[in-house]
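Asks: Quick one: the structure is below, questions incoming.
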Amino acid sequence: MSQTDGLGVRDDEISFGNEYIKVEFSQSVDVDWIAFLDLFIEGPNLNTPELAKVRVNGDENSVFGFEGDQTRNTVGWFQTSGDNFFSGVTMLEFFADANSGDEISPGNTDFALAAINVTEVSEPGTLALMGLGVLALVGARKRIRS
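The numbering used here runs 170 ahead of the 1-based position in the sequence shown.
Following this line, the structure appears as structure tokens:
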């Protein structure tokens, strides 16, 4: 995966303030991981991390933050991890925010969205149709045997 470019608003980054990117999916998905670029630790003493925030399905109670730190490489690459990091997702909103305390600087809080890896979630209607199809095949087979 390339670690050289990502999406932003107006310029190459999502900056603190009114900028955000909204990603809507046509059906529910499980988010396996999200990758960010330009998520650094900044400031004169490398003490003010940049902060990327993600709101899941428009729910104010489902906002997650990811901070830059000194272990990032030269492009500020950060990738979340874990199977089905978020489940049943129809929308993600990415924004830069400084609401996590004094250690976060709104002046340097910006980042780029590099990638979202998702897996489709089987819809209950599809599963029901498949189940009915299997029952029909079993019924037809029994009639043929009789």
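Ideal Cβ positions, reconstructed from N, Cα and C, are used throughout, including at glycine.
I need the DSSP call for L207, collapsed to helix, strand or coil.
Replies: L207 falls in the strand class under three-state DSSP.
Asks: If you draw a straight line from the alpha carbon of D208 to that of L302, how long is it in whole angstroms?
Replies: For D208 and L302, the distance between alpha carbons rounds to 50 Å.
Asks: Can you name, in chain order, every residue of its own chain whose Cβ lies under 6 Å from the Cβ of F256, other than the five neighbours on each side?
Replies: Only V201, V226 meet the Cβ criterion.
Asks: Give me the Cα-Cα distance between S198 and T260, rounded to the nearest whole angstrom.
Replies: The alpha-carbon atoms of S198 and T260 are separated by roughly 5 Å.
Asks: Considering just the uninterrupted stretch of the beta strand (DSSP E) at E237, what are its terminal residues?
Replies: 233-237 is the span of the beta strand (DSSP E), which, as asked, contains E237.
Asks: Is it buried or exposed, L305, if we count other Cβ atoms within 10 angstroms and call 16 or more buried?
Replies: Classification for L305: exposed.
Asks: May I ask you to report which of helix, strand or coil DSSP gives G309?
Replies: In the structure shown, G309 sits in a helix (DSSP, three-state: H, G or I).
Asks: Taking the continuous beta strand (DSSP E) assigned at F256, which residues delimit it?
Replies: Here the beta strand (DSSP E) through F256 covers 256-266.
Asks: Do G281 and F206 have their CB atoms nearer than 8 Å?
Replies: The residue asked about is misnamed: residue 281 is Phe in this sequence, not Gly. In contact: F281 and F206 (Cβ atoms closer than 8 Å).
Asks: For E220 and E189, what's the separation of their Cα atoms in angstroms?
Replies: Cα to Cα, the separation comes out at about 15 Å.
Asks: What residue range is occupied by the uninterrupted beta strand (DSSP E) comprising D280?
Replies: Segment 280-290, the beta strand (DSSP E) holding D280.
Asks: Is T218 closer than 8 Å to F236 when the C-beta atoms are compared?
Replies: No; because the gap between Cβ atoms is not below 8 Å, this pair is not in contact.
Asks: Note down the Cα distance separating S172 from I314, rounded to an integer number of angstroms.
Replies: Only weak support exists for where S172 lies, its pLDDT of 48 falling under 50; the coordinates are left without a value.
Asks: Does the beta-carbon distance from V224 to I211 come in below 8 Å?
Replies: No, they are not a contact pair.
Asks: Express the C-alpha separation of G187 and D267 in angstroms, rounding to a whole number.
Replies: In a straight line, the C-alpha of D267 is about 7 Å away from that of G187.
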